[in-house]
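Report on one structure; see the data block that follows.
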Amino acid sequence: MCLDMESFILVLFSCSVLIVGSKGDLVEDTLIVHPMVLESREPSFEKLLVIHDGYSLKLTKASVLAEKLLLRDITDNGVIDRYVDGKAYENELYQDSEQLASLVVKPQSKGDYHIEGIVNSTHFIRPLLTSERSLSGRTAHKLSRLEVWKNAYDTVITPRRASFRGRTKHNTETKLELPQNFTIEMLFISDFTHAKYFKNETDRINYVSVLMLGVGLRLQLLNPPGRIALTTILKFSSSLEDNALLSLSRDGFVLGEQTLKKLSNNPMRKIETADMVYVATEKYIKHGGNSKYSSSSILGLATVGGACTKNKFAIGMDKPGTYSGLQTAPHEIGHLLGCNHDGETGSERCPKDGGFIMHWHAGGDRHFDWSSCSKEAVRKFLQSSSAECLHNITNTRMVVLPNKTVEVGTVINGQEYCQNYFPNYKNVTYIMTVHPDTTCRFLCDIVDSSNNTNRVEILAPEGTPCSKDMR
Numbered sequence: 001m002c003l004d005m006e007s008f009i010l011v012l013f014s015c016s017v018l019i020v021g022s023k024g025d026l027v028e029d030t031l032i033v034h035p036m037v038l039e040s041r042e043p044s045f046e047k048l049l050v051i052h053d054g055y056s057l058k059l060t061k062a063s064v065l066a067e068k069l070l071l072r073d074i075t076d077n078g079v080i081d082r083y084v085d086g087k088a089y090e091n092e093l094y095q096d097s098e099q100l101a102s103l104v105v106k107p108q109s110k111g112d113y114h115i116e117g118i119v120n121s122t123h124f125i126r127p128l129l130t131s132e133r134s135l136s137g138r139t140a141h142k143l144s145r146l147e148v149w150k151n152a153y154d155t156v157i158t159p160r161r162a163s164f165r166g167r168t169k170h171n172t173e174t175k176l177e178l179p180q181n182f183t184i185e186m187l188f189i190s191d192f193t194h195a196k197y198f199k200n201e202t203d204r205i206n207y208v209s210v211l212m213l214g215v216g217l218r219l220q221l222l223n224p225p226g227r228i229a230l231t232t233i234l235k236f237s238s239s240l241e242d243n244a245l246l247s248l249s250r251d252g253f254v255l256g257e258q259t260l261k262k263l264s265n266n267p268m269r270k271i272e273t274a275d276m277v278y279v280a281t282e283k284y285i286k287h288g289g290n291s292k293y294s295s296s297s298i299l300g301l302a303t304v305g306g307a308c309t310k311n312k313f314a315i316g317m318d319k320p321g322t323y324s325g326l327q328t329a330p331h332e333i334g335h336l337l338g339c340n341h342d343g344e345t346g347s348e349r350c351p352k353d354g355g356f357i358m359h360w361h362a363g364g365d366r367h368f369d370w371s372s373c374s375k376e377a378v379r380k381f382l383q384s385s386s387a388e389c390l391h392n393i394t395n396t397r398m399v400v401l402p403n404k405t406v407e408v409g410t411v412i413n414g415q416e417y418c419q420n421y422f423p424n425y426k427n428v429t430y431i432m433t434v435h436p437d438t439t440c441r442f443l444c445d446i447v448d449s450s451n452n453t454n455r456v457e458i459l460a461p462e463g464t465p466c467s468k469d470m471r
């Protein structure tokens, strides 16, 4: 269904009715809606998702998966590895970067859609297949508030803590040039409690993609902006095998510090090559040793400035199906990128109670954004020698999104486009394919600081005439 200008204006006019607060917070905690998807004729976005009479999103295609994606399954009988086409799982992945929306939009029969994912900084959506459809035949969906692990009726707050704090000073002898953007090549681990929730592999990959795309949209708010590229998604299919990478107490809690130490000593090749490793668990995480640990749980744990080093690991709680880890993951990744808590060492000038991502407890008023102290800490870390891996794209062939719109009818100079897209690399070459690429992609070879040649695909910008020779 195409969206004409008249209906487009009417929809946007009504869009402010239900929105309060920042980043489009919705008033209701739970609401049954019947979303409608309209194809856009505007060049700035592809689809208009009307969730409710007063709330809509402008959707564009999104990317968070490496093209060659490794799915690793840890079972009682051994390790099962399988490489899949990452871009095939991204066909239905969309975002609204303004509203921090990260969604899977699945077309159904008769113009209907199933929508699942993060709507904004406060709500997520999923289809209710057992509920009645609307009069127009659209599927009912449940719009729910994102869970925050804090008790509104209790003064006890569960803090996040960062371990291995001794490593906060970076080598200033070799200062790297600040990149225009950076990419985190990430290995994502679902422990047994997290992985068993999902009915099938597609549901699990979609969930992890939506969650980490949501984190990536928050990284885009940094200066320079960052993004996540998932290269490996690992799951445990046995509770017994959890002990291979996790340290568990006798009563089944995750021992945070011991788990990070165990991960850092793991010789697994895919762990060695990742820029970061993130572990999602539904188990409670404890602070302390097996014989003595704190009675209260913590939401996550990470090493300050640990990215690209043997301490590049973070662990965080996430209740699968609810995206509750959306507040924990950016916080822990922030630690790995060199951020301390606001108001603490290195971030003293930012108030402790400012409510930003690096707030000392979850649920701050501005939990979707970074304080000026955090932004500066990431900039400093990116210029340190420790952050070199974030400046380079490895041999894993990835698909990245275009960064500008090309006028329809224009013949694109591929060499120029590759060079403009990767300004931080001195040696960039456009690779012309023998046969026209029906998917409309650019192939660029880039040479990193270690003199390694890596091939990257860029999705062609909106309006690119793919049938023409892009020389």
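Going by full-length UniProt numbering, the first residue of the sequence shown is number 1, and it counts up by one from there.
Quick reminder that beta carbons are idealized off the backbone N, C-alpha and C, glycines included.
Inset, instruction - In the DSSP assignment, find the alpha helix (DSSP H) that holds proline 330 and state where it starts and stops. - result: Here the alpha helix (DSSP H) through proline 330 covers 328-336.
Legend entry - At least 3 beta-carbon pairs within less than 8 Å: the stretch 190-202 vs the stretch 32-40: Cβ pair count under 8 Å is below three, so no.
Legend entry - As assigned by DSSP and simplified to three states, the class of asparagine 200: DSSP, reduced to helix, strand and coil, places asparagine 200 outside both helices and strands of the structure shown, so it counts as coil.
Inset, instruction - Going by DSSP, name the residue or residues bridged to serine 190. - result: Serine 190 is bridged to Lys235, Ala280.
Legend entry - Beta-carbon proximity of alanine 244 to tyrosine 278, cut-off 8 Å: Contact flag unset, no.
Inset, instruction - Indicate whether alanine 329 and leucine 390 have their beta-carbon atoms separated by less than 8 Å. - result: For alanine 329 and leucine 390, no; Cβs fall outside 8 Å.
Legend entry - glycine 51, buried or exposed, once every other Cβ within 10 Å from all chains shown has been counted against 16: Sequence check: residue 51 is isoleucine here, not glycine. The residue is buried, with at least 16 neighbouring Cβ atoms inside 10 Å.
Inset, instruction - Compute the Euclidean distance between the alpha carbons of alanine 387 and proline 351, then round it to the nearest angstrom. - result: Answer to the nearest angstrom: the Cα atoms are 27 Å apart.
Legend entry - Endpoints, the beta strand (DSSP E) within which threonine 30 is located: According to the DSSP assignment, threonine 30 belongs to the beta strand (DSSP E) that extends over 30-33.
Legend entry - DSSP three-state assignment for arginine 427, whether helix, strand or coil: Note that residue 427 corresponds to asparagine in the displayed sequence, not to arginine. Strand, per DSSP.
Legend entry - Residues near leucine 187 in its chain [Cβ-Cβ closer than 7 Å; skip 5 each side]: Correct list, in chain order: Thr231, Thr232, Leu234, Lys270, Ile271, Ala274, Val277.
Inset, instruction - Inspect the CB distances between the stretch 117-129 and the stretch 74-92 and report whether three or more fall short of 8 Å. - result: Contact between the stretch 117-129 and the stretch 74-92 is absent, because fewer than three Cβ pairs lie under 8 Å.
Legend entry - Identified DSSP bridge partners for arginine 349: Residue pairing by DSSP leaves arginine 349 without any beta bridge partner.
Inset, instruction - Tell me, please, whether the stretch 214-230 touches the stretch 174-188 by the rule of three or more beta-carbon pairs shorter than 8 Å. - result: Touching, yes.
Inset, instruction - With tyrosine 323 as the anchor, note down where its beta strand (DSSP E) starts and where it stops. - result: Where tyrosine 323 is concerned, there is no enclosing beta strand (DSSP E), given that its DSSP letter is neither H nor E.
Legend entry - serine 56, buried or exposed, once every other Cβ within 10 Å from all chains shown has been counted against 16: With 16 or more neighbouring CB atoms inside 10 Å of its own CB, serine 56 falls in the buried class.
Legend entry - CA-to-CA distance, arginine 218 to glutamate 98, given in whole angstroms: Taking the straight line from one Cα to the other gives about 10 Å.
Inset, instruction - Please determine, among Gly252, Asp73, Ile298, the residue with the shortest C-alpha to C-alpha distance to serine 238. - result: Out of Gly252, Asp73, Ile298, Asp73 has the C-alpha closest to the C-alpha of serine 238.
Inset, instruction - Kindly indicate which residue of Thr130, Phe442, Leu222 has the alpha-carbon position closest to the one of methionine 358. - result: Taking only the C-alpha atoms, the option nearest methionine 358 is Leu222.
Legend entry - Under the three-state DSSP convention, the category cysteine 389 falls into: Correct three-state label for cysteine 389: helix.
Legend entry - Extent of the continuous beta strand (DSSP E) run through glutamine 383: That residue, glutamine 383, is in no beta strand (DSSP E); it is neither H nor E in DSSP.
Legend entry - Same chain, Cβ closer than 6 Å to aspartate 318, five either side skipped, listed in chain order: Excluding sequence neighbours, aspartate 318 sits near Ala280, Ser324, Gly325.
Legend entry - Under the three-state DSSP convention, the category arginine 455 falls into: Looking at arginine 455 - three-state DSSP - the assignment turns out to be strand.
Inset, instruction - Hey, could you find the ends of the beta strand (DSSP E) glycine 117 is sitting in? - result: Here the beta strand (DSSP E) through glycine 117 covers 113-118.
Inset, instruction - My understanding is that valine 210 touches serine 144, with C-beta atoms under 8 Å, so please give their C-beta distance in whole angstroms. - result: Contact between valine 210 and serine 144 is absent: CB atoms are separated by about 14 Å, not below the 8 Å threshold.
Inset, instruction - Can you grab the Cα-Cα spacing for the pair leucine 100 / histidine 367, in whole Å? - result: Their backbone Cα atoms lie some 12 Å apart in a straight line.
Inset, instruction - Say whether chain B places a C-beta atom closer than 8 Å to the C-beta of valine 79. - result: No chain B appears in the structure shown, which is made up of a single protein chain.
Legend entry - Which listed residue (Pro179, His114, Leu129) has its alpha carbon closest to that of serine 385: The shortest CA-to-CA distance from serine 385 to any of Pro179, His114, Leu129 is the one to Pro179.
Legend entry - Buried or exposed (CB count within 10 angstroms, at least 16 for buried), threonine 183: Buried, since its Cβ has 16 or more Cβ neighbours within 10 Å.
Legend entry - Candidates Thr309, Asp76, Asn77, Glu116: closest to glutamate 92 by CA position: Checking every option, the nearest Cα to that of glutamate 92 belongs to Glu116.
Legend entry - Identified DSSP bridge partners for tyrosine 94: Looking at the DSSP output, tyrosine 94 sits in a beta bridge with Lys61, Leu103.
Legend entry - For residue 496, the three-state DSSP class (helix, strand or coil): Beyond the ends of the chain as shown, which are 1 and 471, falls residue 496; an answer cannot be given.
Inset, instruction - Pick helix, strand or coil for aspartate 445, following the three-state DSSP scheme. - result: If DSSP states are grouped into helix, strand and coil, aspartate 445 belongs with the strands.
Legend entry - C-beta atoms of alanine 62 and tyrosine 94 nearer than 8 Å: Yes, they are a contact pair.
Legend entry - With 16 other Cβ atoms within 10 Å as the buried cut-off, status of proline 320: Proline 320 should be labelled buried.
Legend entry - Contact set for phenylalanine 45: own chain, Cβ-Cβ below 7 Å, skip 5 residues either direction: If we look at phenylalanine 45 and ignore the five residues flanking it on each side, its Cβ neighbours are Lys58, Leu59, Thr60.
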